[in-house]
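**Student:**
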Ligand code: SF4
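Chains as they are written, first to last, in the numbering used here: chain A, 909 to 1207; chain B, 15 to 215.
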């Protein structure tokens, strides 16, 4: 295939993949919601879960985006340095977003900052957002698509703590964010925590944390322990679906971390709502692909 | 038993309902959000729809043209709290009886609901396709100059819900109560975790 052909083929694949992500939840999220639903015994919580599952069925049946807020679209790329379209990915994503906006259809969610005008096609300055990791020597690329709705983006927060605050300060920060702003972000939530050196590094890590499949654990045993403690603790608060109280608050808590300056502990929280629309696809050098997040899905 | 409210809603239909109850709606539901509220309260414009006894929905839908009329593709609740500063006066001026949205509202709305007998209820967030299919027909649209999300879409709904009452006519506020409960619970839970994460020696 010529590079031009490859570009067209990848644009087409990504257009369809974005549409899929808007309409169907990834397997891990769906599976987790099924588990949490079974734990609820109050009529209120059950009624809400029934509505959520009915909604997902109807979205499939009618081939429509499952939530009206299809978000600002973000791409997290882990691309091999030998991936043939490395330099074209920005163009490919822009075009795929425009096309998916038309065909899905997606709501127009890109407002040009300072201009204060909606661009009408979900693209704009630096949007769709792209985050890059380059993998040396590799030929394929793994791409996460994430739809960041307004409701679940709002609770996002970051702060640089003094070391005296310790990991206790991290715990406090997470609880404060989730029990205040988290309640309106359509729980049960997927909570991402970044623990790092500065405000922006922690923030990016907190977002990457909610892109991990639910239930995967941080490689460091202490961080993995903290994930479980936070998860259990937040669930004991019992926020329940839509903040209406219930047996759980979260689908999970994931931590990502980096080394840091001895004088700082930066902490950030990113939140995914129950309608956590993220998808992961692997594209090989010849533009064949495998969908990793939605088993059995056809584009 | 499934409780259904029908528009026009009378005071006696809702006075016995309590925050936390679940109801469904038959009748007229009009979308009205930020600018709709601002026009009535701040600019003193007359609403082009008589809302007395009716229901409003804090929502900005996706609608498509279908022949002569319109089809609701997707409609989900938006955060009600943004309308808090207008809602008490809005209830007073319009006689609206049911306000549907997402998340709780504050003391002003509680006061409006108590004094003028109205309810705030939530439709589960993220269930936009479900809500769209409960809309039988879009009867008309007003204030189209505001664009699709902010226009007043006058809808006829059938068994629209579940609607979870968050503010009743008696001064109860479900989300306030829940929030106080979360705050109370979180202290001891955090203390427990603090002891286990003293990783800095
Ligand atoms: S928080 Fe999520 S589910 Fe709720 S309205 Fe926003 S995007 Fe949809």
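The beta carbon of each residue, even a glycine, is placed where N, CA and C say it ideally should be.
If I'm right that residue 1090 of chain A touches residue 1147 of chain A with Cβ under 8 Å, what's the distance once you round it to whole angstroms?
**Tutor:** Residue 1090 of chain A to residue 1147 of chain A, Cβ: 7 Å. Contact.
**Student:** Compute the Euclidean distance between the alpha carbons of residue 157 of chain B and residue 948 of chain A, then round it to the nearest angstrom.
**Tutor:** About 42 Å.
**Student:** Report the neighbours of residue 966 of chain A on chain B: residues whose CB is nearer than 8 Å to its CB, in chain order.
**Tutor:** Under the 8 Å cutoff, chain B gives 143, 144 and 147.
**Student:** Does the segment 979–986 of chain A come into contact with the segment 1042–1062 of chain A, if we say contact requires no fewer than three beta-carbon pairs (one atom in each stretch) closer than 8 Å?
**Tutor:** Flag = yes, the segment 979–986 of chain A and the segment 1042–1062 of chain A touch.
**Student:** In or out: residue 1206 of chain A buried (at least 16 other Cβ within 10 Å) or exposed?
**Tutor:** Flag for residue 1206 of chain A reads exposed.
**Student:** Give a yes or no on whether 8 Å exceeds the smallest Cβ distance from residue 1001 of chain A to chain B.
**Tutor:** Taking Cβ atoms only, chain B never reaches closer than 8 Å to residue 1001 of chain A, which makes this a no.
**Student:** Please list, in chain order, the residues of the segment 1082–1098 of chain A that have any C-beta partner in chain B closer than 7 Å.
**Tutor:** From the segment 1082–1098 of chain A, only 1083, 1087, 1091, 1092 and 1094 have a Cβ closer than 7 Å to chain B.
**Student:** Express the C-alpha separation of residue 1115 of chain A and residue 998 of chain A in angstroms, rounding to a whole number.
**Tutor:** For residue 998 of chain A and residue 1115 of chain A, the distance between alpha carbons rounds to 20 Å.
**Student:** When burial is assigned at 16 or more other CB atoms within 10 Å of the CB, is residue 134 of chain B buried or exposed?
**Tutor:** Residue 134 of chain B is buried by the Cβ-count criterion.
**Student:** 8 Å is my cut-off, CB to CB: does residue 213 of chain B come that close to chain A?
**Tutor:** It does: the Cβ of residue 213 of chain B has a partner Cβ on chain A nearer than 8 Å.
**Student:** Buried or exposed: where does residue 58 of chain B fall if 16 or more other Cβ atoms within 10 Å of its Cβ makes it buried?
**Tutor:** So residue 58 of chain B ends up on the exposed side.
**Student:** Would a check of beta-carbon distances place residue 28 of chain B closer than 8 Å to chain A?
**Tutor:** Taking Cβ atoms only, chain A never reaches closer than 8 Å to residue 28 of chain B, which makes this a no.
**Student:** Classify residue 1147 of chain A as helix, strand or coil using the three-state DSSP reduction.
**Tutor:** Residue 1147 of chain A: coil per DSSP, three-state reduction.
**Student:** Going by DSSP in three states, residue 1001 of chain A sits in which element: helix, strand or coil?
**Tutor:** Three-state DSSP puts residue 1001 of chain A in a helix.
**Student:** Any idea if residue 79 of chain B is buried or exposed, counting beta-carbon neighbours within 10 angstroms, 16 or more meaning buried?
**Tutor:** Label assigned to residue 79 of chain B: exposed.
**Student:** So which residues of chain A does residue 16 of chain B contact, with C-beta pairs closer than 7 Å?
**Tutor:** None at all; the shortest Cβ gap to chain A is about 11 Å.
**Student:** What residues of chain A sit near residue 96 of chain B, judged by a beta carbon separation below 8 Å?
**Tutor:** In chain order: nothing, as chain A lies at least about 11 Å away.
**Student:** Within the present structure, is the beta-carbon of residue 1192 of chain A separated from the nearest heavy atom of the ligand SF4 by less than 7 Å?
**Tutor:** No.
**Student:** Would you decide whether residue 923 of chain A is buried or exposed? Buried here means 16 or more other CB atoms lie within 10 Å of its CB.
**Tutor:** Residue 923 of chain A comes out buried.
**Student:** So for residue 129 of chain B, helix, strand or coil by DSSP?
**Tutor:** In this structure, residue 129 of chain B counts as helix in the three-state DSSP scheme.
**Student:** How is residue 1218 of chain A classed by DSSP in three states: helix, strand or coil?
**Tutor:** A query on residue 1218 of chain A cannot be resolved here, the shown segment of chain A reaching from 909 to 1207 and no further.
**Student:** Can you tell me the Cβ-Cβ gap for residue 1092 of chain A and residue 117 of chain B, rounded? I've got them flagged as a contact below 8 Å.
**Tutor:** At roughly 4 Å, the Cβ-Cβ gap stays under 8 Å, so residue 1092 of chain A and residue 117 of chain B are in contact.
**Student:** Can you check which of these residues, B/171, B/206 and B/200, is closest to residue 152 of chain B by C-alpha distance?
**Tutor:** The option with the nearest alpha carbon to residue 152 of chain B is B/171.
**Student:** Excluding the five sequence neighbours on either side, which residues of its own chain have a C-beta within less than 6 Å of the C-beta of residue 1168 of chain A, listed in chain order?
**Tutor:** Hits under 6 Å: 1104 and 1105.
**Student:** With a cut-off of 8 Å, does the C-beta of residue 197 of chain B fall near any C-beta of chain A?
**Tutor:** Cβ-Cβ to chain A under 8 Å: yes for residue 197 of chain B.
**Student:** Would you list the residues sitting across from residue 174 of chain B in a DSSP beta bridge?
**Tutor:** Partner(s): B/39.
**Student:** Check residue 1060 of chain A in the structure and name its three-state DSSP category.
**Tutor:** Helix.
**Student:** Is the CB-CB distance between residue 91 of chain B and residue 115 of chain B below 8 Å?
**Tutor:** Yes, they are a contact pair.
**Student:** Give me the Cα-Cα distance between residue 188 of chain B and residue 975 of chain A, rounded to the nearest whole angstrom.
**Tutor:** Straight-line Cα distance between these residues: approximately 24 Å.
**Student:** Using 8 Å as the threshold, is the segment 953–970 of chain A in touch with the segment 914–923 of chain A, meaning 3 or more CB pairs across them?
**Tutor:** The segment 953–970 of chain A is not in contact with the segment 914–923 of chain A.
**Student:** Could you run through the segment 1166–1197 of chain A and flag, in chain order, every residue whose CB is less than 7 Å away from some CB of chain C?
**Tutor:** As a matter of chain content, chain C is missing from the structure shown, whose protein chains are A and B.
**Student:** Residues in the segment 977–998 of chain A with C-beta within 8 Å of chain B's C-beta atoms, listed in sequence order?
**Tutor:** Within the segment 977–998 of chain A, the qualifying residues are 977.
**Student:** Could you work out which residues of chain B lie near residue 1141 of chain A, taking near to mean beta carbons separated by less than 9 Å?
**Tutor:** Chain B residues near residue 1141 of chain A: 200, 203, 204, 206 and 207.
**Student:** Quick one: grab the DSSP three-state call for residue 97 of chain B.
**Tutor:** DSSP places residue 97 of chain B in helix when its eight states are reduced to three.
**Student:** Residue 1101 of chain A bridges to which residues according to DSSP?
**Tutor:** Beta-bridge pairing links residue 1101 of chain A to A/1163 and A/1177.
**Student:** Does the ligand SF4 have a heavy atom nearer than 7 Å to the CB of residue 90 of chain B?
**Tutor:** Checking every heavy atom of the ligand SF4 against the Cβ of residue 90 of chain B, one is found closer than 7 Å.
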